[in-house]
Structures are given as structure tokens and as C-alpha cells.
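Q:
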Amino acid sequence: MLYPLLLKTFRDHVRGIAGWVSGIVALIAVQLAVYPTVRDTTSRVTDFADSFPEAFKKIFRMEEYGTAVGYLSTELFSATLPLIFIAVGVTWGARVATDEVEAGTADILFSLPISRRRFLVTRIAAEVGVLVLLGAVLWLALVIGAPIVDMSVSVGRVAAASASTVLTGLVFGSVGVLVGAWSGRRSMGLGISLTIAIAAFVVYSLAPLVQFMDDINPFNPMQWTVGAESMKRGFDLGYSLIAVAFASVLMTAAVAVFERRDVL
Amino acid sequence: MSATWPMAWSANGGSQPAAAPALAPSLIEVRRATKHYGRDIGIEEVSLDVRSGEVLGLLGPNGSGKTTLLRLMLGLLNFTSGRISIFGRDVTAVGKAIRSRIGYLPGDLALYDQQTVMQYLEFMMKLRKLDAMTSAMSLCERLKLDPSRHISDLSRGTKQKVAVVQAFMHAPELLLLDEPTSGLDPIVQREFELLVDETRRRGATIVLSSHILAEVERLADRVAVMREGRLVIVDDVTMLKSRFARRVDLEFESPVDSAPFAALPGVRGVQMSRRTLSCYVVGPETELLRTAVAKGVVGIHAHDPSLDDIFLSLIDNSKQAS
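Just so you know, the sequences run in chain order A and B. Here the first sequence stands for residues 100 to 363, where the numbers follow the working numbering. Here the second sequence stands for residues 179 to 500, where the numbers follow the working numbering.
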């Protein structure tokens, strides 16, 4: 690990990280602020939720909406937070191998006695670090905020759901890392990984309705993370290990590709 | 500048790459190094030896392959074929160990704009795992570079000074400098030349590419001329000059017949203008002087070819050959 590079990476992006932290805290604050209204009108909310078309309820996993767990799952962990973490993972992932090259600073950097492998591992560590930090912020905001609005949720379940959300960002971020390392272009890393993420989300969402998508959904990274529904069912070790293995393979491939490519 | 055509005469043809004479051990060995970018040629079959302790000037027009050659030496690019060894070790096998002994200044310079000069230099030192602060500050002072300034506020020339400091601060054994004086004002250019001279005297080896022929002439022991990815010639600056035609002007009290001069071996381009006979000579001038004295010469002016003449002549020859 190149610690000076790691520190510099965090320092260079401190404003961006602060922005994501603020956004997540604000989102959770708003959702928690609304929760007492939902809780106090459970029967009406349940009736309202039941009035949605069956397909819609399946797509957004709208079960037990009136309960704290159901509310958090539907409002935060089924789509909004995973999409935020995918955005973070993909934007960071796409630039892991590309920003120094595109900025032209790679020439001097790679003329130093550092290996490209260590460089990329350090940059990947920075990306993972940011995702874990945001996951910790997410967990902490819910753990601190929930009692304020008399919401009763298990700290462990919130941790499990936060971890799954981090893994969502990591899995799609690793696609960005690989494409960026292969192409040398951030835009390509961003474009391809976002396209794959959207496709994965569509397959995951429509799986309860379309048989073909249900058949391929076990191979869908979105199913390994969001589909584990950790807020309702607790941490899914099997799916999580598959997600970590998938991200590890892609990032290892990225290192191998990056070591062999020209610095242009 | 005078017409370049007579410069094409060289004592030995002058267009074949010359291997380094066995004066000092080779620090860099380039063997049939080839780099293609898709269908485009970066360099083609370049073979070259750089001796320990010398300054080698790489000359060539834009796109001639100078930067590609330097980047291959650093392992920034992969070879299409061929190899380069530095300090006796293959650059592709042990690049990291080699790079610890190299200072590099790229042609397309980019630094970290969000840092100050001091932060940048400290960052470079940390990645090199060494403390060269005293040397870095001394270089900053010498180049009149304020280390507290933000890089984003610096002009192109001042950024170039930062790059010079980072390349020299750890007293590397080998310096690879790509257009090092680009953007520097004349005073700093002079300081840079002194720095190169001192670095050579402490035993370091320097390869520098440049468009400024006069600069290469002042700094380099040998010159390698490249064109369209190929090495046109490598030679000592002095030897290179001696192998190309010198212009000689002979003054007489009255016009003389130019025919006897034109018939002399090694003499070309004879022209009589009023009382002055001008010609180009390759090799010994004995016969020319003997004939001139016999004709009553009253003044002799010999002009060594400049590197500009030689460079343009070589490029011209190379174009004709291809």
C-alpha cells in the first residue's frame, strides 16, 4: 500500500466525500422525519400500500410497509440507497485507473520506483474506504436517528442492511475499475458500469413478474446484495461472499490489465 | 543559414547509426527497440548505446520518436519488439529498481494543481522513500522557485522549474529529460545548463531531447538524430561536425579562375563572387590551401558547420533516402 498516495487521494476528494455524507444524512433525516406520520396512521397507510397494483408492490418489495423494518426496506434499502452507493462506487471505480493518466500526471508518477500494482491496489483501497465510510455514516445516522422518532429497529439488522448496500456499490464499482483499467478512459468505465447496473436493476425489479428474469436473477449482482433484503432477513453470508468474490475477481483482473497496458 | 545541400557530403556517408566507441561502459543499451501504436510507428528497430557519464542529445522533428524512446526506457510503454537494458538490467523485468536511480522530466508536463510546490516535492520524496529536502530547497533557490506557491497559480515556465527540481533533487545516476528547457526564460535556461554540466561532472548520465539545436550543441557529448521513428545517426558532436562539409571563403586581390578549385578532391559548390571564392570542403584542406596560395590568396575564412546545418542535412538526406 502506498500510504502517501492513499492520503492524497482522500485529501483531494474530501469535498466530494463530505457532499455524499451530507446527502445520505439528509436523506435519512427526511425519511425518519416522515416515519411517525406513517406509523401513526398505520391502518390507512397499510390500506394505501395495499391499493397499489400487485406488480408495483412486487417491484418495490412493498411488504409490511407500516412496520419500521418494512418502511426502511421500501423507502431506503430497496432502491434509493443502493442507487446512491452504485453512483459512488461507479464514479470512484471508473477513475481509479484513469484519472492520473487522463490528467497527464501518470508520466512522472510511474517514472518513480513504485509498481503499478501497488498504485492500483492503493486506489482501490481508497474506493473501498469511501464506500465503507459512507456505509458507517448510513448505519450511524439510522442508529442515532431511529430512537429520536421512536422507531424500533435492530442495530444488527441496520448494520446488515448497510453492509449489503456497501457491497452493492463495491460490486458495480469493480466493473468501473476493470473497464477503466482496460480502456484507460474514465467515460468508458462510467458508461459501461452504469449500463450494467441499470440492466441489473431492471432484471432484479422485474424478476417477480417475468419468468425469464426470475431464472437469471440468481446470477444478478443486484440479487446478491439488494435482493438479500438484509433489513428484513438479516445478513446473508452466502450472497455477500459471492458479491465479495465477484468484486475481487474483477479488481484482480483490473490490476493484471493495468500492469500490462501502455501509459499514454 | 546557408543552403543545406552541400552539407549532404559526409566523409563516410554519415547516415548510418554509429555504435558507441568502447570508451566507457554502456549504461543504456537499446537493441532493435520497436514500438507501434496500432498502424502508426513510434520507433522502428532503434539500436543505441549510451555511455556512462555522457550527455546524449536526442534531436528530431515532432513525431520522430524521441519521446517514445524515453518512455520505453522508463517502462511507461510496452515494446512491440526489441529490448532496452539500463544499468545492465532489462527495463521490463526490473523496472522499479531501475527507476529508483532515474530522474525523469516529461515533455507533456502535468503536476497536481491542488498542491503547493512544497507539498508536491514532499509527495514525490515520500513515494521515493527518501529525504532530499535540502537538495530540493537548494534547487528551488537556484531556479528562483517559491516553494510555498500553489501549482495552479504557476505559469508554464515555473511549472517546468518544479519538474526540473523533482527530476534532479535525489541526485539520480541517470536523467531522462524530454524537452527540459521548454518554457524556461533565458536566465533559467542558462542556470539549467550549468546544472546539467555539474550533474555530468559528478558522473551522472543524461539523455535529453530537444528542438533547440544550440542547446544540444552546448550540452551534449554526442547527438542522436531521429526521424520518423528511426535513428538517422549517432555521433560525437565534434566528429559529426568534422564529417560534414565546412564552408571556406578565399579572398583574392582580383577574380581568379574557379575551375582548378572545382577539380580538387573533396571540394564542391565552388562559386566566385567578385574577389571571393566560396566552396565546401570535406576532409583535408591541404590541396585547397596549396592551390589558393599559388593563386595569390590574401584572406581565408573557414566556417564549421553548425549543428543546425548538420541536423537539417541529415533530415533532408533521410527524406531523400526514404
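Backbone N, C-alpha and C fix where the C-beta goes; we use that ideal spot for every residue, glycine too.
What did DSSP end up calling M450 of chain B once you bin it into helix, strand or coil?
A: Within the second sequence, residue 450 of chain B is the residue found at index 272, counting from 1. In the structure shown, M450 of chain B sits in a strand (DSSP, three-state: E or B).
Q: Counting only the same chain and skipping the five closest in sequence on each side, list residues whose C-beta sits under 7 Å from that of D427 of chain B.
A: The sequence position of residue 427 of chain B within the second sequence is 249, counting from 1. So the qualifying residues of the chain are T454, S456, H479.
Q: Can you list, in chain order, the stretches of the alpha helix (DSSP H) that have 4 or more residues and sit fully within the segment 248-312 of chain A?
A: Correct list: 254-282, 285-305.
Q: Could you check where the beta strand (DSSP E) with E429 of chain B kicks off and where it finishes?
A: For this step, residue 429 of chain B is matched to residue 251 along the second sequence. It spans 424-430 - the beta strand (DSSP E) in which E429 of chain B sits, taken as one unbroken run.
Q: For the candidate residues A:E358, A:F334, A:I116, A:T166, whose alpha-carbon lies nearest to that of S261 of chain A?
A: Counting from one through the first sequence, the residue named residue 261 of chain A turns up at place 162. Ranking A:E358, A:F334, A:I116, A:T166 by Cα distance to S261 of chain A puts A:F334 first.
Q: Would you report the Cα separation of S263 of chain B and L255 of chain B, rounded to the nearest angstrom?
A: As a position in the second sequence, residue 263 of chain B is number 85, starting the count at 1. As a position in the second sequence, residue 255 of chain B is number 77, starting the count at 1. C-alpha separation (whole angstroms): 14 Å.
Q: Considering Cα atoms alone, identify which of B:V412, B:R425, B:A202, B:I221 is closest to P483 of chain B.
A: Taking the first residue of the second sequence as 1, we reach residue 483 of chain B at position 305. If we check each option's Cα against that of P483 of chain B, B:R425 comes out closest.
Q: DSSP beta-bridge partners for S456 of chain B?
A: Indexing the second sequence from 1 puts residue 456 of chain B at position 278. B:D427, B:Q449, per the DSSP bridge assignment.
Q: At the level of alpha carbons, what is the spacing between T140 of chain A and V252 of chain A?
A: Looking up residue 140 of chain A in the first sequence gives position 41. Looking up residue 252 of chain A in the first sequence gives position 153. Approximately 19 Å, taken between the alpha carbons.
Q: Assuming G275 of chain A contacts L289 of chain A (C-beta within less than 8 Å), just tell me the rounded distance between them.
A: Locating residue 275 of chain A in the first sequence gives position 176, where the first residue counts as 1. Locating residue 289 of chain A in the first sequence gives position 190, where the first residue counts as 1. Confirmed, Cβ separation roughly 7 Å.
Q: Find the nearest neighbour of D361 of chain A within the set B:S204, B:H214, B:A202, judged by alpha-carbon distance.
A: Here residue 361 of chain A refers to the residue found at position 262 when the first sequence is read from its first residue. The residue with the shortest Cα to Cα distance from D361 of chain A is B:H214.
Q: Taking C-beta to C-beta, are L323 of chain B and T336 of chain B nearer than 9 Å?
A: Counted from its first residue, the second sequence places residue 323 of chain B at position 145. Counted from its first residue, the second sequence places residue 336 of chain B at position 158. Yes, they are a contact pair.
Q: With burial defined as no fewer than 16 other Cβ atoms inside 10 Å of the residue's Cβ, what is the status of S347 of chain A: buried or exposed?
A: Translated into the one-based positions of the first sequence, residue 347 of chain A becomes position 248. With fewer than 16 other Cβ atoms within 10 Å, it is exposed.
Q: Hey, which unbroken runs of the alpha helix (DSSP H) at 4 residues or more fall wholly within the segment 369-427 of chain B?
A: Runs of the alpha helix (DSSP H) inside the segment 369-427 of chain B: 391-397, 415-420.
Q: Just list the residues that DSSP pairs H348 of chain B with in beta bridges.
A: Stepping through the second sequence from its first residue, residue 348 of chain B is reached at position 170. In the DSSP output, where bridge partners are listed per residue, H348 of chain B has none listed.
Q: Below 6 Å CB to CB, which residues in the same chain sit around H112 of chain A once its five sequence neighbours on both sides are set aside?
A: Translated into the one-based positions of the first sequence, residue 112 of chain A becomes position 13. Here the set comprises nothing.
Q: Check each residue of the segment 198-226 of chain A: if its Cβ is closer than 7 Å to any Cβ of chain B, include it; give the result in chain order.
A: Against chain B - using a Cβ distance shorter than 7 Å - the residues of the segment 198-226 of chain A are A202, G203, T204, D206, I207, F209, S210, L211, P212, I213, S214.
Q: Beta-carbon of R359 of chain A versus every beta-carbon of chain B: anything under 9 Å?
A: What you label residue 359 of chain A is simply residue 260 of the first sequence in a count that begins at 1. Yes, because at least one Cβ of chain B sits closer than 9 Å to the Cβ of R359 of chain A.
Q: What number of angstroms, rounded off, separates the C-alpha of P199 of chain B from the C-alpha of P462 of chain B?
A: Position 21 of the second sequence, counted from the first residue, corresponds to residue 199 of chain B. Position 284 of the second sequence, counted from the first residue, corresponds to residue 462 of chain B. Because the pLDDT at P199 of chain B is just 46, under 50, the model does not fix this residue reliably, and the value given afterwards should be weighed accordingly. Each residue's Cα considered, the two are about 23 Å apart.
Q: Going by DSSP, what residue range makes up the alpha helix (DSSP H) through L250 of chain B?
A: Numbered from 1 along the second sequence, position 72 holds the residue referred to as residue 250 of chain B. Residues 244-251.
Q: Closer than 9 Å, Cβ to any Cβ of chain A: which residues of the segment 232-246 of chain B, in chain order?
A: Under the 9 Å Cβ criterion, the segment 232-246 of chain B contributes no residue.
Q: Note down, in chain order, every chain B residue with its Cβ under 8 Å from the Cβ of R356 of chain A.
A: The sequence position of residue 356 of chain A within the first sequence is 257, counting from 1. First, the residue type needs correcting, since residue 356 of chain A is Val and not Arg in the sequence shown. What V356 of chain A touches in chain B: nothing, since even the nearest Cβ is about 12 Å away.
Q: For a minimum of 3 consecutive residues, which ranges assigned as the beta strand (DSSP E) are wholly contained in the segment 268-328 of chain B?
A: Whole beta strand (DSSP E) segments, 3+ residues: 280-283.
Q: Just the C-alpha distance for R368 of chain B and T359 of chain B, rounded to the nearest angstrom, thanks.
A: Working through the second sequence from its first residue, we reach residue 368 of chain B at position 190. Working through the second sequence from its first residue, we reach residue 359 of chain B at position 181. C-alpha separation (whole angstroms): 9 Å.
Q: Can you name the start and end residues of the alpha helix (DSSP H) that K107 of chain A belongs to?
A: The count along the first sequence starts at 1 and reaches residue 107 of chain A at position 8. Segment 102-111, the alpha helix (DSSP H) holding K107 of chain A.
Q: Do the CB positions of V340 of chain B and L299 of chain B come within less than 9 Å of each other?
A: Within the second sequence, residue 340 of chain B is the residue found at index 162, counting from 1. Within the second sequence, residue 299 of chain B is the residue found at index 121, counting from 1. Yes, the pair counts as a contact, with Cβ atoms nearer than the cut-off.
Q: For A211 of chain B, tell me which candidate among B:R217, B:S204, B:I221, B:A472 has the shortest Cα-Cα distance.
A: Start at 1 with the first residue of the second sequence, and residue 211 of chain B comes out as number 33. Answer by Cα proximity: B:I221.
Q: Closer than 9 Å between beta carbons: that is the criterion. Which residues of the segment 265-287 of chain B meet it against chain A?
A: Taking 9 Å as the Cβ-Cβ cut-off against chain A, the residues of the segment 265-287 of chain B that qualify are G273, K274, A275, I276, R277, S278, R279, I280, G281, Y282, L283, P284, G285, D286, L287.
Q: Nearest-angstrom Cα distance between A423 of chain B and Y458 of chain B?
A: Working through the second sequence from its first residue, we reach residue 423 of chain B at position 245. Working through the second sequence from its first residue, we reach residue 458 of chain B at position 280. Distance between the alpha carbons of A423 of chain B and Y458 of chain B is about 6 Å.
Q: Please list, in chain order, all residues of the same chain as S330 of chain B whose beta carbon is under 8 Å from its beta carbon, the five residues on each side excluded.
A: What you label residue 330 of chain B is simply residue 152 of the second sequence in a count that begins at 1. Cβ within range, chain order: D291, Q292.
Q: Rounded to a whole number of angstroms, what is the C-alpha to C-alpha distance between A470 of chain B and A441 of chain B?
A: Indexing the second sequence from 1 puts residue 470 of chain B at position 292. Indexing the second sequence from 1 puts residue 441 of chain B at position 263. Roughly 13 Å between the two C-alpha positions.
Q: Under 9 Å, Cβ to Cβ, is there at least one residue of chain A near R217 of chain B?
A: For the purposes of this step, residue 217 of chain B is identified with residue 39 of the second sequence, where counting begins at 1. Output row for R217 of chain B: interface = no.
Q: My output table needs one value for S150 of chain A: the three-state DSSP class, helix, strand or coil.
A: Mapped onto the first sequence, residue 150 of chain A falls at position 51. Coil, per DSSP.
Q: What is the residue span of the beta strand (DSSP E) that V224 of chain B lies within?
A: The residue given as residue 224 of chain B occupies position 46 in the second sequence. Note, V224 of chain B: beta strand (DSSP E), 218-229.
Q: If you follow the alpha helix (DSSP H) that E199 of chain A is part of, which residue opens it and which one closes it?
A: For the purposes of this step, residue 199 of chain A is taken as residue 100 along the first sequence, with counting starting at 1. Element bounds for E199 of chain A: 198-202.
Q: Nearest chain B C-beta to P320 of chain A closer than 9 Å, yes or no?
A: Along the first sequence, one-based indexing puts residue 320 of chain A at 221. It does not; no Cβ of chain B falls within 9 Å.
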